Amino acid sequence: MSHSLIINGWSMYAHPLFLGQQDELIRDVERLPNDWDSLVAEAKGL
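Note that the sequence shown covers residues 1 to 46 in full-length UniProt numbering.
This is the structure we're talking about:
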């Protein structure tokens, strides 16, 4: 069974394991600070 992933209009094969990791990655990225100063402060532990 093949699974396809569409990125910028391109359809490509994606292993089911990757598709599960992609969902987790999207959630992680959405939790990141959205500006540079917040990202630097978080990295420094401030």
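Cβ atoms here follow ideal geometry from the backbone N, Cα and C, with glycine treated the same way. Quantities reported herein were computed from a predicted structural model and do not represent experimental measurements.
In this structure, what does DSSP give as the bridge partners for residue i?
| i | result |
| --- | --- |
| tryptophan 36 | Per DSSP, none; premise fails for tryptophan 36. |
| isoleucine 6 | Ser11 |
Beta carbon of residue i: closer than 8 Å to some heavy atom of the ligand PLP?
| i | result |
| --- | --- |
| methionine 12 | The ligand PLP is not part of this structure, which contains no ligands at all. |
If you draw a straight line from the alpha carbon of residue i to that of residue j, how long is it in whole angstroms?
| i | j | result |
| --- | --- | --- |
| glycine 45 | glycine 20 | 30 Å |
| glutamine 22 | serine 4 | 13 Å |
| valine 40 | serine 11 | 36 Å |
For my contact list, residue i and residue j are in at a C-beta cut-off of 8 Å; report their separation, rounded to the angstrom.
| i | j | result |
| --- | --- | --- |
| proline 33 | glutamate 24 | Actually they do not touch by this definition, with Cβ atoms about 19 Å apart. |
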